[in-house]
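Here the protein sequences line up with chains A and B, keeping their order.
When you read off a place in the first sequence, starting at 1, and then add 33, the result is the number in this note's numbering.
When you read off a place in the second sequence, starting at 1, and then add 33, the result is the number in this note's numbering.
Reading through the structure tokens given below for one structure.
There are 2 protein chains.
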Amino acid sequence: MSVLETHQMAVKDSAAYANLARAQHELEVVTSINRLVAWDQETMMPANGTAIRAEQLQYLSGLVHERATDPKFGDLISACESETGLMGDPIIAAGIREARRDFDKATKLPRDLVEEIAKSSSLGMVAWKDARAKNDFSKFLPALQQTVDLNRRKAECYGVADGGELYDALLDIYEPGMTAKRTEEIFGPLREGLVELIGLVEAAPEKPDLSVIGQNFDIDAQKAFCADVCKAAGFDFDSGRMDLSTHPFCEGVASGDTRMTNRYRPDGWAESVFTALHEGGHATYEQGLPKKELSGTALAEAISLGVHESQSRMWENFIGRSKSFWQWGLPLARTMLGDSIPNDLDAIWKAVNVVEPGFIRVESDEVTYNLHIMLRFDLERAMIRGDLACSDLPGAWNERMKNDLGLTVHEDRVGCLQDVHWSMSAIGYFPTYTFGNLFAAQMWAALGKDLPDRDEQFSRGEFGPTLAWFRDKVHQHGRRYGAEELCEMISGSKIDSDFLLRYLTDKVKRVYGM
Amino acid sequence: MSVLETHQMAVKDSAAYANLARAQHELEVVTSINRLVAWDQETMMPANGTAIRAEQLQYLSGLVHERATDPKFGDLISACESETGLMGDPIIAAGIREARRDFDKATKLPRDLVEEIAKSSSLGMVAWKDARAKNDFSKFLPALQQTVDLNRRKAECYGVADGGELYDALLDIYEPGMTAKRTEEIFGPLREGLVELIGLVEAAPEKPDLSVIGQNFDIDAQKAFCADVCKAAGFDFDSGRMDLSTHPFCEGVASGDTRMTNRYRPDGWAESVFTALHEGGHATYEQGLPKKELSGTALAEAISLGVHESQSRMWENFIGRSKSFWQWGLPLARTMLGDSIPNDLDAIWKAVNVVEPGFIRVESDEVTYNLHIMLRFDLERAMIRGDLACSDLPGAWNERMKNDLGLTVHEDRVGCLQDVHWSMSAIGYFPTYTFGNLFAAQMWAALGKDLPDRDEQFSRGEFGPTLAWFRDKVHQHGRRYGAEELCEMISGSKIDSDFLLRYLTDKVKRVYGM
């Protein structure tokens, strides 16, 4: 029986389950309004709409929180938990388990802490923007200190398992079930392998010629090209949109309504395509979740940020930076943008796969990207532990950049002030980016076995079978399985950095002709 | 003391008033979310977002209704009403009077009737679209009958004054204080004058040459032209947007956030400019209301649909169709669109002022437009009175079209099925369009006295002094004055169709060279 059929039967058979499903759907309606209003703020809102928008969003978050923590909601979950008929079905039990998780997470934080965090995030953003603009870490330090303090308090509210540490409770928000220790175990060998790989690249005699993707093109033409690429990848424009924003993002507003954004520079056409594929990967996941039929239940939601990121990195890197993708994409780009792009598949493919240590995480390549993440993981964990004073962050950051990437940071704005996350009170978020890459590598290997002629398909612009595979293996399940559990089901092994390292080593060797 | 100062002092001096102001602002926050979500539905929402959007809007309307009818809200108003200090100030008293009006209106309707009307509107729209597509009135008849029945029930809930009729209570929703009898008194002489004017036009030896505005232009160029025209008229794009929609509209979402829409056809550039000016007129009114400082109070809201329409018709017709406007607009159009538009001011001006009886209200000219409205007023009033059976509507419509405009209606889709209003349960709405024209004509006369060189200004693209005049005379007051009261303050006379008739006669004579 499918997830949907199982759910429908449970709704019919159990009044408790039907009541919970109704309450979950009602909560989804309110939450989806909040998402839409937040999306509008980043894409459509005129400059002078800011003041009342903050009040609208504050009101909506309050409404969502109030409903999500309503004791009656908890009672509905308890009623389901006490029905053995329900709990005996693995699908239904998973949904109820996740509903319980969300409810407990939401109710464990006292309201005053929630409000303090909200206020601190809002002020932290302002302080961070100012500090970054002025390249002055001292202007951000008080906000950072508060972020660390509030995150410690938050972690204490959530509680720590035996043998665990506070950071675990934070990581668990974004990557349920993950711990700092396990992350360290996974990241250790990955880091070694990556550093070795960078050595290999540095020793390579020839470097890709970046000028082959350096042309200037009309923004409207770039938009049309990106839209066509996303359409080919399976993004359904009848169930979504692609707009402009300063920082690209994807918001699964509601059933049938997934909105992603992109940004363009006249000389950044290749970058825009990869951003479109990245957000498009998030978006196809959102569109593949059974949000209509299972609205508001955990079975209609994404598992974790890591799994979400696996979908975006899959389309951006594994597919989008493959040579077979560009067999199809290059002629299309030359038609839609202009034939000043050289008709040289090999050169284009090498250019979009260059490996080059740099200061900025979001501009970094597939190999160095994860080193940026590990640095952040270690430093934020040390701050939560109290092993690193916030005031010592720039020094620690710069030392690590020197060690890992061989770069000397002269300005904090391209160092520890570059990311928004800490200003938004998000600690424990960064590692999910690397988990995304790790999951993607394991899925990529499994996909290769199931679809042995995927390269031929990509070269013809046929991405349907690949998307169908992800629909089947990942999207349809919602939160039925945990992230690492799903990873193991798909790839036959728990998280293992060998997959990613093998994939990267193979690519680096081919790109750099070794 | 200004309205704002008066308000701020009252907030300081009276706890009751401060409490009411806070509750009004909170209601405004919720209402503004509802408006934003509704705007998104018409402009941005992907096709498959429909189902959950209906639920979002239903939820938000329920929330707004719940708060607007909360007995505690009524108590706050009562508390203010019992403070003689507050009620002694004409500005504050006006705000409280209007808050009372809204609260009483909202609470007079029982919840089941509100829901029945909402459901009937929603089903009525579907039936109307189907009937119009199939050109089959019988498919709309049951919905129309229900609209009439529900509107009678609604009017009974609101109650009727001595000597009044049910229709008054409906008209009063959209045009507070107006009655059917007074409307009849005003429309009578206007109708006679217009019929006479049409006779004059038909006898005219020469007709404007419409081909001078018949060129095809790129839609993006048209958008840019319309945006520049609206900017010149004073629309502030930092506090608003202009987007696309099937049916153009303007939504004052919130303080600092007024959104209008337009539509474009390759061969419809002139039409698009007038639509932009029309919606721009609504939009500058919204932007001129003191929404930031007096958020949620009646002093920050538009007086009536008629006064709102006066602002749109002012910019669309009185200003936008003046020769001096085109002295500035024609060179701009030729630069921004193309010089296939002939450099013949007189010919362009005549073409945009052609008078020609037609079947469709929204396509009709300044002269015949009001005859379309009067027809609707008489027929909907007769249906509410029970003097006209809904099944007899097509016959009555067609007879009246023949009499007033000399046209034989062969298809109901260009006859009584053309407008959406009755399907949406809106009866009493149509007359406000003509009140808009009447108010505009009286304001136009007053503006002419205060700004004797407005034509020279328009010819240079200077609309600032005109907008400032409307800010001063209309916008800043919110709902402090009633519509006819304000009209009299501005023009020195109550509603008097002579103003509109003189303006139209003068223009027709000049356009048709008589």
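Virtual Cβ for every residue (Gly too), placed ideally from N, Cα, C.
All figures in this text were calculated on a predicted structure; none of them were measured in a lab.
Around residue 290/B, the beta-carbon contacts reaching into chain A at under 8 Å are 78, 79, 81, 82, 85, 86.
At a cut-off of 8 Å between beta carbons, residue 417/B makes no contact with chain A.
The DSSP-derived three-state label of residue 291/B is strand.
When DSSP states are grouped into helix, strand and coil, residue 276/B belongs to the strand group.
The beta carbon of residue 423/B sits closer than 8 Å to the beta carbons of 174, 177, 178, 181, 416 from its chain, once the five residues preceding and following it are set aside; these are given in chain order.
Assignment of residue 286/B by DSSP, reduced to helix, strand and coil, places it in the strand class. When C-alpha distances from residue 333/A are compared across 120/A, 100/A, 514/A, the shortest belongs to 514/A. Taking a 10 Å sphere around the C-beta of residue 184/B, we find 16 or more other C-beta atoms and assign the residue as buried. Residue-level contact check: residue 408/A does not touch chain B, since none of the beta carbons of chain B fall below 8 Å from its beta carbon. For the region 85-112 of chain A, the beta-carbon criterion of a distance under 8 Å to any beta-carbon of chain B is satisfied by 85, 86, 88, 89, 92, 93. The beta carbon of residue 37/A does not come within 8 Å of any beta carbon belonging to chain B, so the residue lies off that interface.
Residues of the same chain with a CB within less than 6 Å of the CB of residue 133/B, apart from the 5 flanking positions on each side, are 110 in chain order. Secondary structure of residue 189/B (DSSP, three-state): helix.
Beta-carbon to beta-carbon, residue 385/A and residue 354/A are separated by about 5 Å, close enough to satisfy the 8 Å threshold. The residue from 230/A, 37/A, 280/A with its alpha-carbon nearest to that of residue 398/A is 230/A.
Following the DSSP letters along the chain, one finds residue 407/B inside the alpha helix (DSSP H) bounded by residues 402-418.
A Cβ-Cβ contact shorter than 8 Å links residue 68/B with residue 286/B. Against residue 270/B, the close residues of chain A are 79, in the order they occur along the chain (beta-carbon pairs closer than 8 Å). In the assembly as shown, residue 535/A is an exposed residue. Its beta-carbon has fewer than 16 other beta-carbons within 10 Å.
Within chain A, the C-beta atoms nearer than 7 Å to that of residue 287/B come from 82, 85, in chain order.
If you check the CB distance, residue 81/A and residue 272/B come in under 8 Å. Separation of residue 45/A and residue 51/A (C-alpha to C-alpha, rounded to the nearest whole angstrom) is 7 Å. Contact check for residue 289/A against residue 84/B passes: the beta carbons are separated by less than 8 Å. At a cut-off of 8 Å between beta-carbon atoms, residue 130/A makes no contact with chain B.
If the five residues before and after residue 113/A are omitted, its C-beta is found closer than 7 Å to the C-beta atoms of 49, 50, 53, 119, 129, all from its own chain and listed in chain order. By the criterion of a C-beta distance shorter than 7 Å, residue 63/A is surrounded in its chain by 96, 97, 100, once the five residues flanking it on both sides are discounted.
Cβ-Cβ distances below 7 Å link residue 542/B to nothing in the same chain once the five nearest sequence neighbours on each side are left out. Distance check between residue 216/A and each of 425/A, 467/A, 76/A, 90/A places 467/A closest, using alpha-carbon atoms only.
DSSP, reduced to helix, strand and coil, places residue 168/B outside both helices and strands of the structure shown, so it counts as coil. Close CB contacts of residue 91/B within its chain, under the 7 Å cut and outside five residues either way in sequence, are absent. Within a 10 Å sphere around the beta-carbon of residue 194/B sit fewer than 16 other beta-carbons, which makes this residue exposed. No residue range can be given for residue 297/A, since it is assigned to no alpha helix (DSSP H) and is classified by DSSP as neither H nor E. DSSP, read as helix, strand or coil, puts residue 520/A in helix.
Apart from the 5 residues on each side of it in sequence, residue 170/B sits with its Cβ closer than 8 Å to the Cβ of 164, 426, 427, 445, 449, 450 in its chain, given in chain order. With a 10 Å radius around the Cβ and a threshold of 16 neighbouring Cβ atoms, residue 65/A comes out buried. For the pair residue 337/B and residue 191/B, the CB atoms are not nearer than the 8 Å cut-off.
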